[in-house]
Each structure stands twice: as structure tokens, then as C-alpha cells.
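What follows is a short report on a single structure.
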Amino acid sequence: MLLSLLKILIFFAVILAVALGAVFLSENGQALRLIYDGNEYTLGPIQLFVALSVGVVLAWALLRILGLFVATLRFVAGDETAVTRYFARSRERKGYDALAEGMLAVASGEGKLAQDKAARAAKYLDKPHVTDVLAAQAAEAAGDTAKASDAYRRLLADDRTRFVGIRGLMRQKLHDGDTATALKLAEKAYALRPKNRELQDTLLQLQTSEGDWKGARQILKEKRKQGQLPQDVAIRRDAVLALQEARDVLAEGSSISAREAAISANRASPDLIPAAVLAAKSYIAQKDTRNATRVLLKTWSVRPHPSIAATFADIVPDETPVARLKRFDTLIRQNPDNEESHLLRAELLLAVEDFPGARRALGDLAQKHPTVRTLSIMAAIERGEGADDAVVRGWLAKALTASRGPQWVCDKCHNVMADWAPVCDSCGGFDTLSWREPDDRRRARFAATDGVEMLPLLVGAPVVGGLAAAQAQAESTGTFANIARDLASDTAAPAKPVEIANVAPGMVPRDRITSEPNRPVSPICPSPP
Numbered sequence: 000m001l002l003s004l005l006k007i008l009i010f011f012a013v014i015l016a017v018a019l020g021a022v023f024l025s026e027n028g029q030a031l032r033l034i035y036d037g038n039e040y041t042l043g044p045i046q047l048f049v050a051l052s053v054g055v056v057l058a059w060a061l062l063r064i065l066g067l068f069v070a071t072l073r074f075v076a077g078d079e080t081a082v083t084r085y086f087a088r089s090r091e092r093k094g095y096d097a098l099a100e101g102m103l104a105v106a107s108g109e110g111k112l113a114q115d116k117a118a119r120a121a122k123y124l125d126k127p128h129v130t131d132v133l134a135a136q137a138a139e140a141a142g143d144t145a146k147a148s149d150a151y152r153r154l155l156a157d158d159r160t161r162f163v164g165i166r167g168l169m170r171q172k173l174h175d176g177d178t179a180t181a182l183k184l185a186e187k188a189y190a191l192r193p194k195n196r197e198l199q200d201t202l203l204q205l206q207t208s209e210g211d212w213k214g215a216r217q218i219l220k221e222k223r224k225q226g227q228l229p230q231d232v233a234i235r236r237d238a239v240l241a242l243q244e245a246r247d248v249l250a251e252g253s254s255i256s257a258r259e260a261a262i263s264a265n266r267a268s269p270d271l272i273p274a275a276v277l278a279a280k281s282y283i284a285q286k287d288t289r290n291a292t293r294v295l296l297k298t299w300s301v302r303p304h305p306s307i308a309a310t311f312a313d314i315v316p317d318e319t320p321v322a323r324l325k326r327f328d329t330l331i332r333q334n335p336d337n338e339e340s341h342l343l344r345a346e347l348l349l350a351v352e353d354f355p356g357a358r359r360a361l362g363d364l365a366q367k368h369p370t371v372r373t374l375s376i377m378a379a380i381e382r383g384e385g386a387d388d389a390v391v392r393g394w395l396a397k398a399l400t401a402s403r404g405p406q407w408v409c410d411k412c413h414n415v416m417a418d419w420a421p422v423c424d425s426c427g428g429f430d431t432l433s434w435r436e437p438d439d440r441r442r443a444r445f446a447a448t449d450g451v452e453m454l455p456l457l458v459g460a461p462v463v464g465g466l467a468a469a470q471a472q473a474e475s476t477g478t479f480a481n482i483a484r485d486l487a488s489d490t491a492a493p494a495k496p497v498e499i500a501n502v503a504p505g506m507v508p509r510d511r512i513t514s515e516p517n518r519p520v521s522p523i524c525p526s527p528p
């Protein structure tokens, strides 16, 4: 910089001297006389101009030679010079060319070529925060996970690329199925970039799969603040998370916290059936039948479900069948035209042995929408009205091959689940279960459930002890499962009298109803042959 300033000053000094000399000579009309070593030299204006020009050229040449000498000394000493800048620009150009070619190779899926270009770019460019990213992507494209992991770990050392490194390691853990480690990495990445939408979705999915419902609710709250989710969708999903959080809290023994979370979930989404059931049971545990009734009535008006009816029955568990029929009229009136309401009324009328009334309540559902439940109710009606065993067996035989009716079905992968859950156990979809009849009737026929959705009042709660206990209890009560087993065995055996209990299918003998009103009864749904 000082050398450049010196050059500029000398240039202006020379120009100034030439100008002053020319002015002086023009004003005096005299020549310039120079005396050197006893000799006198006289220079006219033209000669003087030529001499000055030659002097300027010589001075410029001298300065260039001096600059070249100084540059040579600096080059030998290792300082930056024009020569080093030339070579640096050449290396930089080669590096960026390799970098561009490597990015194109990654986009084309040519992993090996991308790795070669990444190595070449790292050789020529002193920018590890750029070349390591390309190296990691190239290794992933080539399927070399070890080199990709090494590249991502190198990125962790730089603040500019730490997020990229954590995200890359997280994706590798997800690919390997290590969701626990992936969750920890996602949380670290979220601390660096809390507004990254892709990371929010990944973290939310990991938290729901790992059961971190509290953390998932916090992420959902942030997404709602940032306007990434519609208001109604955010409220619904928060209710789902609150419900599952309440279930986990209840399993840990904290009934008060579970009750508050369940009530909060029900308020946020009244059509969420499990939330309504859990909230109502919480009120029942507090002897608050008024609020329990209010919750169930509201949910039934939006979306009737057998579990709602079963919980509504738990409000007054010791009532007589006649009193129950009268009390349930309030529930049925909330949605009288729904198919579930017709089935529920028919079941209640069966309990009071009003078989003609049950037939009227059922209507033509057995023909229009034959399911295990409707056909079982028809078999009970025929038995109660004294029809021949052949007629009853005919309805039961139809029930063996009928659809189970509405179940919890995943809207994403059409998986049928026995109970509601916030996450599908097949595809991992969040809040994708809906209460409907599966598209694949054959698949729906063999779905394992607790039987409550068949006849929720006659069946009651699931039998404690699993399937073996249910079968043992079915054998002791002479229910529809026994009759179905007899039907299957009679197809090849000689005709012989079959003992059938003189009760409606799915119902227990009268002495058990009067003496043990709260005793759970085994499911009447037939097992697949």
C-alpha cells in the first residue's frame, strides 16, 4: 500500500515539474542551461520535453524493476503476491468446478462419481463447511453410511453447519430404526432451528411414537403459533395428545391429573369418543353423574358409539332393565335416526323381553346392513318369540360370515385395530383412526376386539384374563359362541338333539342378571372357524 502511494506521489511530482518548467520557458523565451563536469548543455523547450519524457520512462522502468525485486523477495519469504494469487485463483476455480460437478452427480444419483468430485473439491478448496456437506451427501448416494457419518460428525465442529450435521445423523438413525437416539438428535436440532417445519414434523412423529405426549403437545403448540396448522386441526390433535397423556397418567396411578387431562381433551374435541368415555368415567368416579351424563349425551349427538352406551350404563349400574330402558331414552333421542341408536334400543328391549318392540326398533337393518350385531339381535328376537331352532340357527349361521360392522380403521393404511390409539400400529399415522366399517369385509371379520361394540349393554366390559378366560366363561354360560360351535360340529355329524339354553343369544340366565347385575359377560361375537 505504501509503495502504491509513493508511485502516485512521484507521478504527480513529475507532472508538476514538467508543467512548471514549460510555463517558465514559455514566459522567458530562454533555454535551459545545464553545466555538468565543466561542460555546458543548453536545452530548448522541445529538447527539454523530450528529456523529461525519457526521464519519466526511465523512472517508471526503475520502479517496476524495483517492484519485481521486492515481489521476488516476498515470494521467497512466502508472502502473498501476484504469483501466489494466480495459483490460488486457479486452485479455487478447479475446486468450485469439482464442487458443481459433485452436486450434479448427487442429484443424478451417481454416488461414486460424487465422492470423487467431493474429494477433489476438498483438495482444492479450503472450505470444509461446504465440501463436507457434499462429501456426506455423496456417501449417502453411494450407500456408504460410515463415511457419511464421519462427514456429518465433522460438520458438528462448525457453528454454521452444526444443524446440518445433527439433522444428517438423525436421518441415519431413523433409517436404522433407532428412534430413541433419533429423538434425542431431533431435540438438539430443534433447539438450534425451532422454526424448521420439516424438523417439527419429524420431532412430532418421533415423540408420538416414543410416547412423549407432553413434548408433542409443546411442538404442536409451536406449529399452531407459527400458523402451520389450521386452528381446528391443531385443537383436534392437541385433544388426541391430551387424551393419551391422560391414559398414561392414569396407568401410573395419578387419577386426579388423568381426570383433568381427560376433561380438557373432551372439551377441546367433543367428538373424540375415547376422550368422552374417559372423562365420563372420571366424573363417575367422583359420583358426579350430572356431568358424566352431559358429556356422554353431547358426544352421542355428534358420533354415537357402543362405548358411549356402555359408559352411560355404568352411571347407574344396579338399575333394572325397565328403568334402564327409560333412562336410555334420553340418550337415544340425541341422535334417533342413527343406526347405532336403533341397535341400542333393540338391545334394551331385548333386556326387558319386549321382542316385538325389539323387532320394530331394529327395522330392516338385518336385510339392509347385515352385521354380526344385527344378525345376533335377530336371532335373539326369534328365540324370544319362540321360533324354531332352524330359524335361530339360520340367523346365527349368517352371523358367522357377516361383517363385524364399524370398527377402528386407519384412514391411511386401512388397518383395523381392536381399540382406539393416537398412532396406527401398522403405518404409524397420527390421529388416522376413525370409527367406520372397513372396506375389506373379510379382514374386518377376523379383527380381534373386546366385544363391547357388539352388544355393549348385554356384553359389558371385556373379560379379565384374556381370550382363554372369555372362552371358558362362554362355555359356562351357553352363549352364542357355544351355539356357533355346535353349528360347526353338526355339519358333518349325524343328527342328534342339541341342548340350547333358553335365553336370548348374548344374554345370561335370568338368575344371573338379578343376582349379579355387574358381572361381565363374554363376547357373543363368533370366532372364525
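In numbering that gives the first Met the number 0, the protein residues as written are 0 to 528. Cβ atoms here follow ideal geometry from the backbone N, Cα and C, with glycine treated the same way.
- Secondary structure note for serine 433: its beta strand (DSSP E) is the uninterrupted segment 432-435.
- Distance from the CA of tyrosine 40 to the CA of glutamine 46, rounded to the nearest whole angstrom, comes to 11 Å.
- In the DSSP assignment, isoleucine 34 is bridged to Glu39.
- Look at tryptophan 299 here: in three-state DSSP terms it is helix.
- Cβ atoms of aspartate 410 and serine 433 come within 8 Å of each other, at about 6 Å.
- Contact between the stretch 398-410 and the stretch 367-377 is present: 3 or more CB-CB pairs across the two stretches fall below 8 Å.
- By the C-beta density criterion, cysteine 423 is buried, having at least 16 other C-beta atoms within 10 angstroms.
- If the five residues before and after asparagine 290 are omitted, its C-beta is found closer than 6 Å to the C-beta atoms of Tyr282, all from its own chain and listed in chain order.
- If only complete runs of 4 or more residues are kept, the stretch 214-294 shows the alpha helix (DSSP H) at 230-250, 254-267 and 272-284, in order along the chain.
- By alpha-carbon distance to tyrosine 189, the top candidate from Ala386, Ala215 and Val415 is Ala215.
- Beta-carbon to beta-carbon, arginine 403 and valine 371 are separated by about 5 Å, close enough to satisfy the 8 Å threshold.
- Taking C-beta atoms as the reference points, alanine 245 and alanine 260 count as a pair closer than 9 Å.
- The residues Ala135 and Tyr151, in chain order, have a CB closer than 6 Å to that of glycine 167 in the same chain once the five nearest residues on each side in sequence are set aside.
- The DSSP-derived three-state label of valine 351 is coil.
- Rounded to the nearest whole angstrom, the CA to CA distance from tyrosine 85 to lysine 213 is 59 Å.
- Of the candidates Val294, Leu112, Ser268 and Asp387, Ser268 places its Cα closest to the Cα of valine 239.
- Here valine 422 is bridged, per DSSP, to Phe429.
- By the C-beta criterion, the stretch 98-109 is judged not to be in contact with the stretch 61-77, since fewer than 3 inter-stretch pairs fall below 8 Å.
- Under a 10 Å Cβ-count criterion, isoleucine 64 is classified as exposed, with fewer than 16 other Cβ atoms of the shown protein chains found around its own Cβ.
- For valine 408, there is no enclosing alpha helix (DSSP H); the residue is found in the beta strand (DSSP E) stretching over 406-409.
- Counting every other CB atom within 10 Å of its CB across the protein chains shown gives lysine 116 a total of 16 or more, marking it as buried.
- For lysine 367, the enclosing alpha helix (DSSP H) stretches over residues 364-367.
- DSSP, reduced to helix, strand and coil, places valine 415 within a strand of the structure shown.
- By alpha-carbon distance to leucine 198, the top candidate from Pro335, Val163, Glu139 and Gly226 is Val163.
- When beta bridges are read from the DSSP output, serine 402 appears opposite Thr370.
- For proline 369, the CB contacts under 7 Å within the same chain, skipping 5 residues up- and downstream, are Lys397 and Ala401 in chain order.
- For the pair alanine 141 and glutamine 171, the CB atoms are not nearer than the 9 Å cut-off.
- Lysine 325 sits in a helix when the DSSP states are folded into three classes.
- Each residue's CA atom was taken as its position, placing valine 315 and valine 408 some 31 Å apart.
- Alanine 308 sits close to leucine 330, with the two beta carbons spaced by under 9 Å.
- Collapsing the DSSP output to three states places histidine 174 in a helix.
- Under the DSSP assignment, glutamate 209 falls in the alpha helix (DSSP H) whose first and last residues are 196-209.
- Here the alpha carbon of glutamate 209 sits roughly 8 Å from the alpha carbon of threonine 178.
- A residue is called buried once 16 or more other Cβ atoms fall within 10 Å of its Cβ, and threonine 207 is buried on that count.
- Taking C-beta atoms under 8 Å as the contact rule, leucine 133 and methionine 102 qualify, at a distance of about 7 Å.
- Sequence-distant partners of proline 127 (beyond 5 residues in either direction) whose C-beta falls short of 8 Å from its own C-beta, in its chain, are Ala121, Arg153 and Asp157.
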